[in-house]
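Peer 1: Residue numbers (my numbering), protein chains in the order written: chain E, 2 to 115; chain V, 40 to 153. Below are the structure tokens for one structure; questions will follow.
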């Protein structure tokens, strides 16, 4: 069974704080992803990584950065949190290689920025 | 530009009846499609997938149909159960997508009433 874990289920932060969200997967997957989910907007891709130290911007990277120093760990950083970053953050991983791949998701982190 | 669209934000069905969730896409390069199910405060869980070389895939009560000429896929749940009440997301990928990137629809909230 693929297991993707996220460091926190709920977080409350103040505007301007630096926020770290961590994700760990135990299936030796090459690909890792960060999404945010907002009502009516579905899942929007923030950043993804297809290898250690590699990162690619998704559809909404502004205000975020990522780090992948080890294969199993992918961190999302909010450099200076703002209220419009209040959301549900979801991490996912998938195997590498060609063709369609199923992504496996963590339980999510609900972030509230005050 | 929404490449994957779920035009019904919600659907209500009686227990025991069929639930049909629809999804349209615009990119003819998509060749792998997935459905995910999401309960509140949890991450999405993979439900069923289909490759573009098929037009139907079945797994228990869940069947996905793909109509490539219409760029349309649907998820049928028969019979529907109250535990199926959740948000359902369709997703698509293309072979050329680096890193196994998926494009998600906005989601349809299914409510199955006893």
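Where is the CB? At the ideal position from N, CA and C, for every residue including glycine. Note that the structure is predicted; figures quoted are calculated from it, not measured.
1) Counting pairs of Cβ atoms below 8 Å between the segment 66–86 of chain E and the segment 66–76 of chain V, do you hit three or more?
2) Using a Cβ cut-off of 7 Å, which residues of the segment 54–78 of chain V contact any Cβ in chain E, in chain order?
3) Taking C-beta pairs closer than 7 Å, name the residues in chain E that residue 144 of chain V reaches, listed in chain order.
4) Does residue 106 of chain E get closer than 8 Å to chain V when you measure Cβ to Cβ?
5) For residue 83 of chain V, count the other beta carbons within 10 Å of its own beta carbon; 16 or more makes it buried, fewer makes it exposed. Which is it?
6) Using DSSP bridges, identify the partner residues of residue 94 of chain E.
7) Between the C-alpha atoms of residue 68 of chain E and residue 53 of chain E, what's the straight-line distance to the nearest angstrom?
8) So who's on the other strand from residue 131 of chain V, going by DSSP bridges?
9) Step through the CB atoms of chain V and report whether any lies within less than 8 Å of the CB of residue 51 of chain E.
10) On a CA-only basis, which of E:112, E:107, E:57, E:115 is nearest residue 27 of chain E? Give me that one, please.
11) According to DSSP, which residues form a beta bridge with residue 65 of chain E?
12) With distances taken from CA atoms, which of E:40, E:41, E:79 is nearest residue 22 of chain E?
13) Using a Cβ distance threshold of 8 Å, determine whether the segment 38–57 of chain E contacts the segment 4–20 of chain E, with at least three qualifying pairs required.
14) Consult DSSP for residue 122 of chain V and reduce its assignment to one of helix, strand or coil.
15) Can you grab the Cα-Cα spacing for the pair residue 64 of chain E / residue 46 of chain E, in whole Å?
16) List the residues of chain E whose Cβ lies closer than 7 Å to the Cβ of residue 141 of chain V, in chain order.
17) Would you tell me roughly how many angstroms separate the C-alpha atoms of residue 103 of chain V and residue 112 of chain V, rounded to the nearest one?
Peer 2: Reading off the structure:
1) No, the segment 66–86 of chain E does not touch the segment 66–76 of chain V.
2) Here the close residues are 70, 71, 73.
3) For residue 144 of chain V, the chain E residues whose Cβ falls inside 7 Å of its Cβ are 43, in order along the chain.
4) Yes, contact with chain V.
5) Residue 83 of chain V should be labelled buried.
6) DSSP, once it has assigned bridges, lists E:33, E:105 as partnering residue 94 of chain E.
7) The alpha-carbon atoms of residue 68 of chain E and residue 53 of chain E are separated by roughly 9 Å.
8) The partner list for residue 131 of chain V (beta bridge, DSSP) reads V:72, V:142.
9) So, interface residue.
10) For the set E:112, E:107, E:57, E:115, the Cα lying nearest the Cα of residue 27 of chain E is the one of E:107.
11) DSSP lists E:79 as partners of residue 65 of chain E.
12) Measuring from the Cα of residue 22 of chain E, the nearest candidate turns out to be E:79.
13) Put simply, the segment 38–57 of chain E does not touch the segment 4–20 of chain E. Fewer than three CB pairs are less than 8 Å apart.
14) DSSP, read as helix, strand or coil, puts residue 122 of chain V in helix.
15) Put simply, the backbone Cα of residue 64 of chain E is about 13 Å away from that of residue 46 of chain E.
16) Within 7 Å Cβ-Cβ: 104.
17) Counting only the Cα atoms, residue 112 of chain V lies some 7 Å from residue 103 of chain V.
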